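Each residue of the sequence shown is one higher than the one before, starting from 0 at the first, in numbering that gives the first Met the number 0.
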Amino acid sequence: MRRLFPVTDQTPASPQDRADREWSLDELADAYAYPALGPDGHWLRANMVSTLDGAAQHDGRSQPISGETDMRIFGTLRALADVVVVGAETVRQEGYRPARAREAFAARRAAAGQGPAPAIAVVTARMDLDFSLPLFTSPMVPTLVVTGATAPSDRVAEAVKAGAEVVVAGDGAAVDPARAVRELAGRGLRRQLTEGGPRLLGQFVAADALDELCLTISPMLAAGDAQRIAGGPSVTVPHRLAPASVLEEAGFLFTSYRRI
0 MRRLFPVTDQ TPASPQDRAD REWSLDELAD AYAYPALGPD GHWLRANMVS
50 TLDGAAQHDG RSQPISGETD MRIFGTLRAL ADVVVVGAET VRQEGYRPAR
100 AREAFAARRA AAGQGPAPAI AVVTARMDLD FSLPLFTSPM VPTLVVTGAT
150 APSDRVAEAV KAGAEVVVAG DGAAVDPARA VRELAGRGLR RQLTEGGPRL
200 LGQFVAADAL DELCLTISPM LAAGDAQRIA GGPSVTVPHR LAPASVLEEA
250 GFLFTSYRRI
């Protein structure tokens, strides 16, 4: 892997940036470290992958357009987060399981005051989820279900019975994305990571709640009518982000853009 940005004309070539050298997990964790947060601060980053022609999925899943290093970065981003926020449709399509503790990141998480694994927070209005799945019945830390105040009461009761924690982040059935971020932060889950899907990411973008986008650009073409990384209504004025880093390996570009 090699770093393409940030560099300057005065930056000497570094052995770390040889294209044929695999970065360690510690190096990846340093490269993707969350910014320092104030006492009341929180940070929502998204991790998504897209083909060259803008497809976020192939046959409804992101795995076919991913790669080995992308999955290592995926795991690193999870290991740095307090909570992974995901939409209900993505849970159903991708077969989400509980996050696991990883020994390689244990010391780093302990030093940051984090538990052994991040929580998973599922955003849903209809509560159309299978609460018998391991995601709800056997996580290391309880899975959170983020929903609106008028969510079906029987489904809320079923979620609680399965061991999930229900977080209300909307006055009606729908979830207010900005409120969801605040509610999670209020529970001490301040380093936040969303893995989509595109509909949920679009909601965070529209609410101007996204602080950082980690986007893997896959050197593939998919054609078809696959979703983009963010869907839903367009924003009135496009949100401008600033590049924070660009890494490259085997034709994949691993980019990070942050709120200006």
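Cβ atoms here follow ideal geometry from the backbone N, Cα and C, with glycine treated the same way.
Fair warning: this is a prediction, and the values are worked out from it, not measured in the lab.
The residues Leu214 and Val245, in chain order, have a CB closer than 6 Å to that of Thr254 in the same chain once the five nearest residues on each side in sequence are set aside.
Per DSSP, the beta-bridge partners of Ala118 are Val82. The region 148-162 and the region 224-234 do not touch, with fewer than three beta-carbon pairs separated by less than 8 Å. As DSSP reads the structure, Ile216 sits in a beta bridge with Ser49 and Leu252. Put simply, the region 44-52 does not touch the region 118-134. Fewer than three CB pairs are less than 8 Å apart. From the listed residues Gly94, Leu200, Asp52 and Gly195, the smallest Cα separation to Met219 is found for Asp52. Per the C-alpha coordinates, the member of Leu252, Ile259 and Phe203 positioned closest to Ile64 is Leu252. Taking 4 residues as the minimum length, the alpha helix (DSSP H) runs contained wholly in the region 117-168 are 133-136 and 152-161, in order along the chain.
Collapsing the DSSP output to three states places Leu199 in a helix.
Per DSSP, reduced to three states, the secondary structure at Ala35 is coil, with no helix or strand assignment.
Two segments are said to touch when three or more pairs of C-beta atoms, one from each, lie closer than 8 Å; by this definition the region 202-210 touches the region 167-181. Setting aside the 5 residues that flank it on each side, Thr149 is surrounded in the same chain by Gly171 and Ala172, each with a C-beta closer than 7 Å to its C-beta; the list follows chain order.
Under the DSSP assignment, Arg1 falls in the beta strand (DSSP E) whose first and last residues are Arg1 to Phe4. The closest CA to that of Tyr95, considering only Leu200, Asp69, Gly195 and Gly250, is found on Gly195. Look at Glu26 here: in three-state DSSP terms it is helix. Listed in chain order, the non-local C-beta contacts of His41 below 6 Å within the same chain comprise Ala184 and Arg189, local neighbours out to five positions each way being set aside. The Cβ atoms of Ala110 and Leu192 do not sit closer than 8 Å to each other.
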